[in-house]
Amino acid sequence: MEFSQLIQRKQRRWNLFAIVATLSLVFLSIIYLMVGEVLISPFSEVTPLMEKLVLQLRFPRLLTAIAIGAALAVSGAVLQVLLGNVLAEPGVLGISGGASVMMVLVMFFLPMFATPIGFMVSAVAGALLFTLLLVFFARSARLTTTRLLLVGVALGILSGAVVTWAFYFSDELSLRQLMYWLMGSVGGASWHHHILTLFLIPVLVWLCFKGQVLDKLMMGELHAKQLGIDVEAVRWKLILAVSVLVGGAVALGGIIGFVGLVVPHLLRLALGSENRYLLPLSALSGATLLVFADIIARTSLESAELPLGVVTTTIGAPVFIWMLVKNHDSH
Amino acid sequence: MIRINSLSVGSRLLPLSLTIEKGQVLHVIGPNGSGKSTFLSALSGLLECGGTAFIDELDVRQSSIETLASYRAFLSQSDRPAFNLIVAQYLMLSIPASAQADTTQVDSTVRELACLLELEDKLLRPIHHLSGGEWQRVRLCAICLQIWPTLNPNAKLLILDEPAAPLDIGQEGLLYKLIRKVADMGITVVMSNHDLNRTMHNADKVLLLENGVIQQCGAPETVLTEEELARVFKTQVTKALVDSKPVLIFD
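In the order they appear, the protein sequences are chains A and B. Numbering-wise (the working numbering), the first sequence opens with residue 144 and increments by one. Numbering-wise (the working numbering), the second sequence opens with residue 3 and increments by one.
Spelled out as structure tokens, the structure:
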């Protein structure tokens, strides 16, 4: 078979999967809007209550789940390329921990900034700070990627400690707010939260178009450089973009783990590593996964709901262990 | 033509000047740590350096990384990426963006190179499943795609850092055949090498380095003398004639 035909055949597989993922996202979204305390069928008569339920509660919440899923999956995929390690993930590396620490600090010491925008800014600043710390360690101490991962885990523990301190000293109200961030939940989503989403969309689209650069970067920095990629400049832009996405996702829904790890990894296993397709498809599949997980979170308990972060972690952690044991990553 | 004038990198490479004609093959030899890789990185514009280097009229130090990529290709010493993808996809990354639309040209060039490097049946293999020698031939194929004149009319220079290291003697033969073919198309080839007998028979010009200082530069017969090699490599060297071809024998 000719070379270009081989390439085209791969492209067709990606396209096919893109259609499947889009359809399942649409399908799950419709189910998402239907199920809940009150089952709403699109064919039944619409009462004002139902309209309110869908427009004011379920729809903004659905969009939050989609935004978080897409943002986390794409930032996971990009981080993996940046650090040259298929096990990198914003949660595992402590970057979302950094975002949550900053938000906790703002909540305690600067309560007047505890608005969605204030949280967004502090979460992005925290994510950026921890990413910079990681990159600084990686470069100054010439860490191997394995060690880098360990430093990330340590940063995660550190942020966990700060949050626990905050927990200990908090009163009734802020305790509940804290619980909400820690477990990861989109239960409080409303339309005004989506000011954040408006900031995330351009970053997400920009990253999805960086696939070709990431493809070359994936093959090693030296090779990328000789192929004409200005590695240093690109790296900083990507780090900034990832921090914005992770910070935004944490500000929207708290810490939701393993989406950024599991989604890109399974896509790589199933379809290949071409970032041009992997990034947009990660966004689609991440959104689908989170919508699915939130359906479970909302409906599995009779009278209450599970935190979304607990559901994704329960799905993700066994997959993570399986990946480590199978050593599916490399070599 | 490549013109190098007082090119230097800190104390690792002291100023050296030489010119290499179009289509010539230059071998850079010397003991480990003598500055071969440093010289190649500096020439390819990937390392901060002093002095000047010109690829035809292009000033290497003043050019953007992007421009350089279309004038020269640089094969570093082997490293395997953490990510797995199939060989065809890896090759696709090296094909210049301007040439990608012309699929018939791309197809025939890839076919020609895959045939030269005996990779025809490996295009669908994941790169993590390749042996060391196969991976090196895939990298060679990719680096050639970047400067193959049918895909990239700007190309002038191919730089290879120990390209023969992971290859067996049969595959080494393929490599030198490929290098000669590239040179015959008018592209200058600069490579570092450890196999001095190969240098003797396959180089047009030889640069001998020791501790970052140029020792000799010229035709293989004049550089590869018993005394000079014995002095620089600190070992015994004897030149013998086998089938009326000179062969170096080391202690």
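Think of the CB as a built atom: it goes at the ideal place given N, C-alpha and C, for glycine as much as any other residue. Only a predicted model underlies this, so the values are computations on that prediction, with no experimental measurement involved.
Taking the Cα of Thr190(B) as reference, the smallest distance to any Cα among Leu209(B), Thr201(B), Lys24(B) is reached at Lys24(B).
A Cβ-Cβ distance of about 5 Å is found for the pair Leu350(A) and Ala384(A), placing them in contact under the 8 Å criterion.
At least one beta carbon of chain B lies nearer than 7 Å to the beta carbon of Gly227(A). Of all residues in the region 118 to 147 of chain B, those with a C-beta nearer than 8 Å to a C-beta of chain A are Leu125, Leu126, His130, reading in chain order.
Leu424(A) is the residue among Leu196(A), Leu424(A), Ser446(A) whose C-alpha sits nearest the C-alpha of Phe160(A).
With respect to Leu118(B), Leu198(B) sits apart: the two C-beta atoms are not nearer than 7 Å. The three-state reading of DSSP puts Phe146(A) in helix, counting H, G and I together. Nearest C-alpha to Gln148(B) among Ala99(B), Leu126(B), Gly12(B): Ala99(B). When the Cα atoms are used, Ala55(B) and Ser65(B) turn out to be separated by approximately 11 Å. Counting only residues of its own chain and dropping the five nearest sequence neighbours on each side, Phe435(A) has a CB closer than 7 Å to the CB of Leu171.
In summary, the residues of the region 44 to 65 of chain B whose CB is separated from some CB of chain A by less than 8 Å are Ser46, Leu48, in the order they occur in the chain. For the pair of segments examined, the region 136 to 143 of chain B was found not to touch the region 176 to 191 of chain A: the number of CB pairs separated by less than 8 Å stays below three. Taken atom to atom, the span from the alpha-carbon of Met245(A) to that of Leu166(A) is near 38 Å. A distance below 7 Å between beta-carbons, with the five flanking residues on each side excluded, links Met326(A) to the following residues of its chain, in chain order: Gly397, Pro450, Gly452, Val453. Contact note: Leu370(A) reaches chain B through Ala71, Leu95, Ser96, Gln148, using a C-beta cutoff of 8 Å and chain order. Counting only the Cα atoms, Val27(B) lies some 15 Å from Phe76(B). DSSP lists Val208(B) as the beta-bridge partner residues of Gly220(B). At a cut-off of 7 Å between beta-carbon atoms, Lys469(A) makes no contact with chain B.
With 16 or more other Cβ atoms inside 10 Å of its own Cβ, Tyr73(B) counts as buried. Taking 8 Å as the upper bound on Cβ-Cβ separation, chain B lies near residues Asp358, Lys359, Met361, Met362, Gly363, Leu365, His366, Lys368, Gln369, Leu370, Gly371, Ile372, Asp373 of the region 348 to 374 of chain A. In the structure shown, Asn7(B) adopts extended strand secondary structure according to DSSP, grouped into three states. In this structure, the alpha-carbon of Pro33(B) lies about 35 Å from that of Val224(A).
Closest in alpha carbon position to Thr457(A), among Ala447(A), Leu293(A), Leu433(A), is Leu433(A). Residues of chain A with a Cβ closer than 7 Å to the Cβ of Ala90(B) are, in chain order, Phe146, Leu149, Ile150.
The beta carbon of Val215(B) sits closer than 7 Å to those of Leu16, all from its chain and outside the five residues before and after it, given in chain order.
Following the DSSP letters along the chain, one finds Gly452(A) inside the alpha helix (DSSP H) bounded by residues 451 to 469.
Among the residues of the region 407 to 427 of chain A, those with a Cβ less than 7 Å away from any Cβ of chain B are Gly415, Ser416, Glu417, in the order of the chain. Secondary structure of Gly53(B) (DSSP, three-state): strand. Among the CB atoms of chain A, one or more fall inside 7 Å of the CB of Phe76(B). Contact between Leu215(A) and Pro191(A) is absent: CB atoms are separated by about 35 Å, not below the 8 Å threshold. Phe273(A) sits in a helix when the DSSP states are folded into three classes. The shortest CA-to-CA distance from Met250(A) to any of Leu291(A), Ile174(A), Tyr323(A) is the one to Tyr323(A). Among the CB atoms of chain A, none fall inside 7 Å of the CB of Glu164(B). Taking a C-beta distance under 7 Å as the contact criterion, Asp163(B) and Ser36(B) do not qualify as a contact pair. Taken in chain order, the complete alpha helix (DSSP H) segments of 4 residues or longer contained in the region 218 to 280 of chain A are 238 to 252. Any Cβ of chain A closer than 7 Å to the Cβ of Asp81(B) would place that residue at the interface, and such an atom is present.
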